[in-house]
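In what follows, a structure is listed as structure tokens, so that the remarks can point back to it.
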Amino acid sequence: MALAAARRLLLHAGSRLGRREAVDGARRFANKRVLVETEGPAVMKLRNPPVNSLSLECLTEFTISLEKLENDKSIRGVILTSECPGIFSAGLDLLEMYGRNPAHYAEYWKNVQELWLRLYTSNMILVSAINGASPAGGCLLALCCDYRVMADNPKYTIGLNESLLGIVAPFWFKDMYVNTIGHREAERALQLGTLFSPAEALKVGVVDEVVPEDQVHSKARSVMTKWLAIPDHSRQLTKNMMRKATADNLIKQREADIQNFTSFISKDSIQKSLHMYLEKLKQKKG
Ligand SMILES: CCCCC/C=C/CCC/C=C/CC(=O)SCCNC(=O)CCNC(=O)[C@H](O)C(C)(C)COP(=O)(O)OP(=O)(O)OC[C@H]1O[C@@H](n2cnc3c(N)ncnc32)[C@H](O)[C@@H]1OP(=O)(O)O
Numbered sequence: 001m002a003l004a005a006a007r008r009l010l011l012h013a014g015s016r017l018g019r020r021e022a023v024d025g026a027r028r029f030a031n032k033r034v035l036v037e038t039e040g041p042a043v044m045k046l047r048n049p050p051v052n053s054l055s056l057e058c059l060t061e062f063t064i065s066l067e068k069l070e071n072d073k074s075i076r077g078v079i080l081t082s083e084c085p086g087i088f089s090a091g092l093d094l095l096e097m098y099g100r101n102p103a104h105y106a107e108y109w110k111n112v113q114e115l116w117l118r119l120y121t122s123n124m125i126l127v128s129a130i131n132g133a134s135p136a137g138g139c140l141l142a143l144c145c146d147y148r149v150m151a152d153n154p155k156y157t158i159g160l161n162e163s164l165l166g167i168v169a170p171f172w173f174k175d176m177y178v179n180t181i182g183h184r185e186a187e188r189a190l191q192l193g194t195l196f197s198p199a200e201a202l203k204v205g206v207v208d209e210v211v212p213e214d215q216v217h218s219k220a221r222s223v224m225t226k227w228l229a230i231p232d233h234s235r236q237l238t239k240n241m242m243r244k245a246t247a248d249n250l251i252k253q254r255e256a257d258i259q260n261f262t263s264f265i266s267k268d269s270i271q272k273s274l275h276m277y278l279e280k281l282k283q284k285k286g
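For reference, each letter of the sequence shown is one residue, going 1 to 286 in our numbering.
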């Protein structure tokens, strides 16, 4: 209920902002954590500092922005990137999965599923300009895209590292990984929780291209131009043919997946693992 109300408020605020900024001449709309520019190829920028973690608010704003773009028939493609220096996205917000109650976990997971289903089955062309670290849920966002361009900076890593946190990537994360890099590579990377450097990610197929950091956005734009030259109807039908079974696999068991997540994440042993991981992140500073 609370989330539905927040969603209505955000939609309302989003459209108000949209109108005001259009009057200024810049075709863009924004909410607090997501900025969307629709001048030229549409660009969606995550801006949830310090690390673009996907908090419930961030997920909601992201989903709403995507919905608005999907409803605008003049927009055929979106570049997904980050406004936080050195970070694409740190993935799901650990604080949404730690020390909360089961109802909160269920609500959070429903919204994670929702964003994934929308991104993965989007009719639009999605290109990610990965301009920073992209672990776990950050990698998931990138994997939903049709093409991934990553900055050539060895400090940036990408991959599904859940097992390093003592948690398990859900079956639909795994399915998408298998679809992208094949069964053997996915099996190894998931068990080890591998975070790939850009060069390794390119080799294994987690990303499609690695370019110098200052060329990530221009490369993403030129990729978009190429993809936009393909007729929408044939490209969309092909994308649907490739992805539908994977998405349907979650759709048919959404409720069970929410229950699984809620009971798994509520376990004392899992909460303890998350606590230790969060402490490790804190200690890294000191
Ligand atoms: C068998 C049945 C299974 C059923 C299903 C069950 C499944 C559970 C599966 C759940 C899936 C989860 C997927 C995820 O996405 S989990 C999140 C994984 N993310 C990470 O591991 C990233 C952790 N972060 C980092 O590695 C680094 O922060 C960094 C992104 C590389 C950036 O490094 P740096 O620039 O040095 O910044 P700091 O490390 O100092 O961080 C700043 C600040 O941000 C906090 N933080 C970092 N990441 C997160 C996060 N993901 N969520 C929340 N908060 C985060 C960090 O703690 C610092 O906070 P303080 O300033 O307060 O210390």
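By construction, the Cβ of each residue, glycine as well, lies at the ideal position given by its N, Cα and C atoms.
For residue i, which three-state DSSP category applies?
| i | result |
| --- | --- |
| I75 | coil |
| I167 | coil |
| N153 | coil |
| S218 | helix |
| E209 | strand |
| K284 | coil |
| V51 | coil |
| E21 | Only weak support exists for where E21 lies, its pLDDT of 43 falling under 50; the coordinates are left without a value. |
| L195 | coil |
| G137 | helix |
| K267 | coil |
| Y277 | helix |
| K272 | helix |
| L46 | strand |
Less than 8 Å between the C-beta atoms of residue i and residue j, yes or no?
| i | j | result |
| --- | --- | --- |
| S89 | G138 | yes |
| W109 | F261 | yes |
| R28 | L46 | no |
| V223 | Y147 | yes |
| R221 | I79 | yes |
| Q113 | L237 | no |
| L140 | F171 | no |
| M150 | I130 | yes |
| S266 | Y98 | no |
| S128 | A142 | yes |
Which same chain residues end up closer than 7 Å to residue i when comparing Cβ atoms and leaving out the 5 residues on each side of it in sequence?
| i | result |
| --- | --- |
| R243 | Y120, T121 |
| E96 | S55, L56, Y108 |
| R254 | Q113 |
| A287 | Coverage of the chain is limited to positions 1 through 286, which leaves residue 287 absent and any answer about it impossible. |
Using 8 Å for Cβ pairs, my map puts residue i next to residue j. What's the rounded Cβ distance?
| i | j | result |
| --- | --- | --- |
| L54 | G91 | 7 Å |
| L69 | M124 | 7 Å |
| P50 | C84 | 7 Å |
| G132 | Y156 | 5 Å |
| L94 | L274 | 6 Å |
Would you kindly report the start and end of the unbroken beta strand (DSSP E) that includes residue i?
| i | result |
| --- | --- |
| R28 | 28 to 30 |
| E39 | No beta strand (DSSP E) holds E39; DSSP gives it neither H nor E. |
So the alpha helix (DSSP H) residue i belongs to, where does it begin and stop?
| i | result |
| --- | --- |
| V112 | 102 to 120 |
| E185 | 183 to 192 |
| L126 | That residue, L126, is in no alpha helix (DSSP H); its beta strand (DSSP E) goes 125 to 130. |
| M242 | 232 to 251 |
Using a Cβ-Cβ cut-off of 8 Å (strictly less than) and excluding sequence neighbours within five positions of residue i, which residues of its own chain qualify?
| i | result |
| --- | --- |
| N111 | L3, L56, L59, T60, T63 |
Below 6 Å CB to CB, which residues in the same chain sit around residue i once its five sequence neighbours on both sides are set aside?
| i | result |
| --- | --- |
| L165 | Y277 |
| P154 | S197 |
| I87 | V51, N52, G132, A133 |
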